Amino acid sequence: MGSVAERRARTTDTIVAAARRVIAEEGAAALTLGEVARRVGMRTPSLYGYVASRADLCDELFRRGWADFGAATAHLEPTDGTDIHALLTEALDVAVGWALEHPADAQLMFWRPIARWQPSPAAFEPAARALARAGAALARAQELGLLDPAPEPEELVQVWAALTTGVISQQLSNEPGVGVDEGRTSRHRAALVRMYVDHYSPRPSTHPPRSTP
Numbered sequence: 027m028g029s030v031a032e033r034r035a036r037t038t039d040t041i042v043a044a045a046r047r048v049i050a051e052e053g054a055a056a057l058t059l060g061e062v063a064r065r066v067g068m069r070t071p072s073l074y075g076y077v078a079s080r081a082d083l084c085d086e087l088f089r090r091g092w093a094d095f096g097a098a099t100a101h102l103e104p105t106d107g108t109d110i111h112a113l114l115t116e117a118l119d120v121a122v123g124w125a126l127e128h129p130a131d132a133q134l135m136f137w138r139p140i141a142r143w144q145p146s147p148a149a150f151e152p153a154a155r156a157l158a159r160a161g162a163a164l165a166r167a168q169e170l171g172l173l174d175p176a177p178e179p180e181e182l183v184q185v186w187a188a189l190t191t192g193v194i195s196q197q198l199s200n201e202p203g204v205g206v207d208e209g210r211t212s213r214h215r216a217a218l219v220r221m222y223v224d225h226y227s228p229r230p231s232t233h234p235p236r237s238t239p
């Protein structure tokens, strides 16, 4: 039967899965502990033994989503000789594809659909790690001469994040059931990456390459 901790973990997984179904089927605004309890066959007071509040449940979805997203994108690192356009196209493909496969998590990760909810610092840690990894990868691309060394890495990350979440938002808002290669916006991923690379391509300048201490 497993230990108490294992049984608790399985029940928590069941609760999280039910919460994801609620969001995917009815939208984040419909997420209540009462609805989740009904779907898992529990009374609402019993649910409080696993999640303290709706905000706590949203935190768990947010944390798990970013942890999974980070694992899915962790391999995207430039090396000497990398085709930066190909690498960033793959990065966008992975990000958009992941969001389409995990629409409930993506709503909480990339939007703020629930009034007065913000992820707690603990829940935000996997997101911070993923953003830091993206920043390090783009800074490495600057060091390798694949991107313009002049901009601060934070700018590169923020612009890339805006591009990525823009495609995800367009797809999930307007064509949630359409494949990544058929979406009105998502099918233009290569062109969007080209715009980014063209804007940040290395230019003759007096700026020395950015180096990592």
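Using this note's numbering, read the sequence shown as starting at 27 and increasing by one per residue.
Every residue, glycine too, gets a C-beta built ideally from N, C-alpha and C.
What you are looking at is a predicted structure, and each value in this text was computed from that prediction instead of being measured.
Quick check: the Cα distance between Val66 and Ala154, rounded to an integer number of angstroms?
32 Å
Whole-number beta carbon distance between Val204 and Thr115, since they are thought to touch under 8 Å
The pair is not a contact, with the Cβ atoms about 19 Å apart (cut-off 8 Å).
Should Gln168 and Leu182 be called a contact, given that it needs their Cβ atoms to be closer than 9 Å?
yes
Could you tell me the distance, in whole angstroms, from the CA atom of Gly75 to the CA atom of Asp174?
52 Å
Would you call Ser212 buried or exposed, if buried means 16 or more other Cβ atoms sit within 10 Å of its Cβ?
buried
Use the C-beta contact count for Arg89: other C-beta atoms within 10 angstroms, 16 or more gives buried, fewer gives exposed.
buried
Can you check which of these residues, Pro147, Asp85, Ala100, Thr70, is closest to Ala132 by C-alpha distance?
Asp85
Which residues in the same chain have their Cβ closer than 7 Å to the Cβ of Thr58, if we skip the five residues on either side of it in sequence?
Arg80
Pull up the distance between the alpha-carbon of Pro202 and that of Pro230, whole angstroms please.
43 Å
Where Met68 sits in the DSSP three-state scheme
coil
Does the pairing of the segment 138-147 with the segment 121-130 give three or more beta-carbon distances under 8 Å?
no
Extent of the continuous alpha helix (DSSP H) to which Thr108 belongs:
That residue, Thr108, is in no alpha helix (DSSP H); it is neither H nor E in DSSP.
Out of Trp92, Arg138, Thr108, point me to the one whose CA is closest to His128's CA.
Trp92
Got a sec? Which residues, its chain only, sit under 8 Å from Thr191 by beta carbon, not counting five neighbours each side?
Phe136
To the nearest whole angstrom, what separates the beta carbons of Ala163 and Leu102, a pair I think is in contact under 8 Å?
6 Å
Start-to-end residues for the alpha helix (DSSP H) that takes in Ala148:
147-169
Please state the DSSP three-state secondary structure of Ile41.
helix
Residue ranges of each alpha helix (DSSP H) within the segment 54-104, 4 or longer:
59-66, 70-73, 80-99
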